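Residue numbers (this note's numbering), protein chains in the order written: chain A, 1 to 201; chain B, 202 to 369. Worksheet: the structure to be examined is printed underneath.
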């Protein structure tokens with residue numbers, strides 16, 4: 001009969017199986033990023049559909065008012081411009097290949113994911129905001145022509161204030177989405193960095 | 202806990218307990234590939250849970266508790282009809298003598314015949330943890346741990362004896 005203490009020391013002396021990051025992790029990470037990409041595709045397709053639907057409805061209603069139509073077009077073009085910019089960035093993330101990731105590559109992937117947390121801190125977001133502001137101004141100017149300087153000021157204040165309502169709400173939603181979609185990926189990549197550091201030592 | 206503290210603590214835990222946790226995964230699942238997945242899942246859960254670690258228990262005990270819970274959940278994800286994978290002998294350390302390797306392989310086979318919780322308990326025991334620590338990790342009483350360990354030891358020693366006598 002084998003004494004248990006002997007088994008204990010034998011157990012502790014065994015080398016744990018080698019944990020190769022290589023192919024298994026690469027495949028698993030690629031899958032996770034692919035899923036992320038698919039999800040973004042669906043969300044963006046949904047947004048595109050909504051925009052198209054809204055455009056069709058507004059064109060139907062405003063076809064006799066070219067100025068207001070121009071405003072709507074400005075708003076929609078700005079939204080589409082930012083959506084395409086974001087979609088391309090998300091596709092780029094989804095296509096990342098982790099077959100042989102260097103530490104810099106992983107850091108870069110983490111940075112790209114972190115940037116998704118605050119998408120409105122970009123030149124493109126400022127351009128979109130300016131486009132939206134101009135579009136809404138044109139729409140409101142056509143709908144409610146300003147009466148004097150006071151009316152103009154009130155109208156522009158209302159439009160500008162809209163941004164301060166929409167932006168925090170969008171940021172809040174983005175935070176929720178980021179926690180759901182990107183945080184697990186960031187944590188996996190961070191764990192991968194730590195593991196690779198350990199192996200390097 | 203800021204990000205650098207979290208990373209430092211994670212690295213410390215990783216350095217100190219990696220081999221033990223890897224052996225626990227391997228002892229529990231008997232499959233190199235599966236145990237890699239489980240190990241990664243455990244480390245991800247440890248990383249995610251670090252902000253909530255208040256230091257009430259020893260970091261090692263806390264990590265083991267996560268490892269055990271993750272392992273039990275991981276096993277439940279498998280289909281009920283799915284059998285444990287075959288033991289991959291090549292995963293056992295090449296530095297040991299042939300006799301030691303055979304004995305270790307027999308030990309792994311004996312462990313594989315135990316129930317889920319018993320496999321975890323025996324791997325913790327083989328790592329040299331006390332009954333009290335095992336009770337704290339698995340959430341059962343010290344007395345019950347004692348009873349279980351007596352049964353498990355008997356079962357394992359009997360299996361190994363059978364193997365060494367060519368009965369299996």
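Cβ atoms here follow ideal geometry from the backbone N, Cα and C, with glycine treated the same way. Predicted, not measured: the structure shown is a model, and the values here were computed from it.
In terms of beta-carbon proximity, residue 156 (chain A) stays away from the interface with chain B, with every pair separated by 8 Å or more.
Contact check for residue 261 (chain B) against residue 217 (chain B) passes: the beta carbons are separated by less than 8 Å. Under the 8 Å criterion on CB atoms, residue 301 (chain B) is classed as interfacial with respect to chain A. For residue 133 (chain A), the enclosing alpha helix (DSSP H) starts and ends at 123-143. Its Cα nearest to that of residue 34 (chain A), the residue A:94 stands out among A:94, A:130, A:188 and A:134. Leaving aside the five residues that flank residue 91 (chain A) on each side, the residues in its chain whose CB is nearer than 7 Å to its CB run, in chain order, 37. At least one C-beta of chain B is nearer than 8 Å to the C-beta of residue 188 (chain A). Between the region 319-334 of chain B and the region 219-239 of chain B there are three or more inter-stretch CB-CB distances shorter than 8 Å, so the stretches are counted as touching.
Membership of residue 342 (chain B) in any alpha helix (DSSP H) is not indicated, and neither H nor E is assigned to it by DSSP.
Look at the region 235-256 of chain B: the residues with a C-beta under 9 Å from a C-beta of chain A are 236, 237, 238, 240, 241, 244, 245, 247, 248 and 249. The C-beta distance from residue 68 (chain A) to residue 74 (chain A) rounds to 11 Å, too long to fall under 8 Å, and the pair is not in contact. Chain B places a beta carbon closer than 8 Å to that of residue 11 (chain A), counting this residue as a contact.
Here DSSP, grouped into helix, strand and coil, assigns residue 182 (chain A) to coil. The C-beta of residue 334 (chain B) comes no closer than 8 Å to any C-beta of chain A. Neighbours of residue 354 (chain B) in chain A, taken as residues at a C-beta separation under 8 Å, are given in chain order as 4. Around residue 116 (chain A), no beta-carbon contact reaches into chain B at under 8 Å, the shortest distance being about 17 Å. Nearest to residue 143 (chain A) by C-alpha distance, out of A:149, A:150 and A:135, is A:135. Note that the C-beta distance between residue 98 (chain A) and residue 29 (chain A) is below 8 Å. At the C-beta level, residue 51 (chain A) and residue 80 (chain A) come within 8 Å of one another. Between residue 269 (chain B) and residue 209 (chain B), the alpha-carbon positions lie close to 23 Å from each other.
Judged by DSSP in its simplified three-state form, residue 117 (chain A) adopts coil rather than helix or strand.
In the displayed model, residue 195 (chain A) falls within a helix according to three-state DSSP.
If you look at residue 256 (chain B), you'll find it isn't in any alpha helix (DSSP H); DSSP assigns it neither H nor E.
Under the 8 Å criterion on CB atoms, residue 224 (chain B) is classed as interfacial with respect to chain A. Using a 10 angstroms sphere on the CB of residue 82 (chain A), the tally of other CB atoms reaches 16 or more, which defines it as buried.
Below 8 Å, too few C-beta pairs join the region 40-58 of chain A and the region 149-161 of chain A to call them touching: fewer than three. Three or more Cβ pairs closer than 8 Å define a contact, and the region 123-142 of chain A meets that threshold against the region 160-168 of chain A. Taking 8 Å as the cut-off, the Cβ atoms of residue 343 (chain B) and residue 332 (chain B) count as close.
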